[in-house]
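So the sequence shown is residues 67 to 169, counted in the numbering used here. A quick write-up on the structure given underneath.
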Amino acid sequence: GTAHVAAILVEPLRRDGLRAFLTEKRVQTSLHYPPLHTLGAFSDCRAGDLSHSSAFCDAVVVLPIHPELPVMAPEHIIRLCVMCLAGKQPGQPHAADGCLQVA
Numbered sequence: 067g068t069a070h071v072a073a074i075l076v077e078p079l080r081r082d083g084l085r086a087f088l089t090e091k092r093v094q095t096s097l098h099y100p101p102l103h104t105l106g107a108f109s110d111c112r113a114g115d116l117s118h119s120s121a122f123c124d125a126v127v128v129l130p131i132h133p134e135l136p137v138m139a140p141e142h143i144i145r146l147c148v149m150c151l152a153g154k155q156p157g158q159p160h161a162a163d164g165c166l167q168v169a
């Protein structure tokens, strides 16, 4: 099941910046699974445009969630995500490094 997965969707161009920011703050993230149609086991099953599947996977960031996680940790992690994606860090008037979209 997915009860153990805390996934958020982030603009793909901002995903790596968010992951780097969270890593710097000692928060582990992952990318979870690739689109199924890109796996070798499904190479003969492709039919039609599967761009939505790829786009979804390009936007997913999996955050830590498990029984041993301290009670306040999820709130702290979400606060860090919001700071990064909103371009704010405490004590800094400018955007969080690496979190802004690069055009």
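Even glycine gets a Cβ: it sits at the ideal position worked out from N, Cα and C.
Can you grab the Cα-Cα spacing for the pair Ser117 / Phe87, in whole Å?
-> 28 Å
Put Ser109 into one of helix, strand or coil per three-state DSSP.
-> coil
Is DSSP giving Leu102 helix, strand or coil here?
-> helix
How many Å lie between Ile143 and His70 at the Cα?
-> Cα-Cα distance, rounded: 16 Å.
Ser119 beta carbon less than 8 Å from that of His103 | yes
Identified DSSP bridge partners for Leu135 | For Leu135, which the question treats as bridged, DSSP gives no partner whatsoever.
Among Leu105, Val137, Ala125, which has the Cα closest to the Cα of Ala73?
-> Ala125
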